[in-house]
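Engineer: Numbering (this note's numbering), first residue to last: 6 to 226. Below is a structure I'd like to ask you about.
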């Protein structure tokens with residue numbers, strides 16, 4: 006059995022003791038070192054090269070997120086799982102941007118932490134269910150904002166024309182669907198190309214599909 010070598014980083018000694026007791030009960034997990042600050046964590050990673058660092062966000066001096074980023078920059082073979090009581094909006098995304106492979110709330114239970122450690126060691130991303138739900142909701146919100154922004158310069162009629170271009174409709178077919186002349190359709194397409202800084206019909210259709218124009222139109226109705 007390949008053992009996963011762990012470093013625990015938390016500024017509360019009693020928390021580190023509890024984590025050590027929990028983790029060493031698992032046959033494949035070995036706690037090889039502990040640290041109470043970001044600076045100590047970097048020293049311990051350099052000395053012991055753990056497979057996974059279990060890291061709290063709130064540390065004296067520099068934050069756990071800063072430590073995470075430095076660990077991942079200097080020791081890319083070492084994975085980081087954030088274990089924290091902070092479930093506020095944006096913390097998980099910040100942790101993932103800093104290079105963390107996992108984000109687990111202290112309140113969720115021991116099994117989630119052990120699962121996250123094993124997943125991180127495999128190179129996977131692990132979030133506890135509550136955090137995962139928040140991250141997905143946040144990403145969906147950002148995606149919706151991006152889609153709205155992608156078409157913000159277009160009028161509703163231009164959006165209708167663009168949606169039909171994305172479906173591969175000809176100018177004649179677009180005109181029939183929207184009760185417009187082919188000349189008017191050509192003018193609309195020319196204006197859309199100019200507004201979106203695109204060069205031709207293929208780029209236009211690709212842009213519309215990539216930014217999910219159909220979903221944008223549904224939300225606009």
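Every residue gets a Cβ at the ideal spot worked out from N, C-alpha and C, and that includes glycine. Remember, predicted model here, so these are calculated numbers, not experimental data.
DSSP three-state label for residue 33, please.
Structural biologist: Residue 33: coil per DSSP, three-state reduction.
Engineer: So who's on the other strand from residue 10, going by DSSP bridges?
Structural biologist: Paired residues: 35.
Engineer: In the DSSP assignment, what are the bridge partners of residue 228?
Structural biologist: Residue 228 lies beyond the range of the chain shown here (6 to 226); nothing can be said about it.
Engineer: Kindly give me the distance between the Cβ atoms of residue 31 and residue 119, rounded to whole angstroms, as I take these residues to be in contact under 8 Å.
Structural biologist: 6 Å
Engineer: Quick check on DSSP: helix, strand or coil for residue 158?
Structural biologist: coil
Engineer: Which residue marks the beginning of the alpha helix (DSSP H) containing residue 48, and which one marks its end?
Structural biologist: That run of the alpha helix (DSSP H) goes 43–53.
Engineer: Keeping to the same chain, check which residues put their C-beta closer than 8 Å to that of residue 178; ignore five residues upstream and five downstream.
Structural biologist: 169
Engineer: Starting from residue 109 and walking both ways along the alpha helix (DSSP H), at which residues does that stretch end?
Structural biologist: Counting along the chain, no alpha helix (DSSP H) covers residue 109; the unbroken beta strand (DSSP E) around it starts and ends at 107–110.
Engineer: Is there contact between the segment 11–23 and the segment 62–75, where contact requires at least three CB pairs shorter than 8 Å?
Structural biologist: yes
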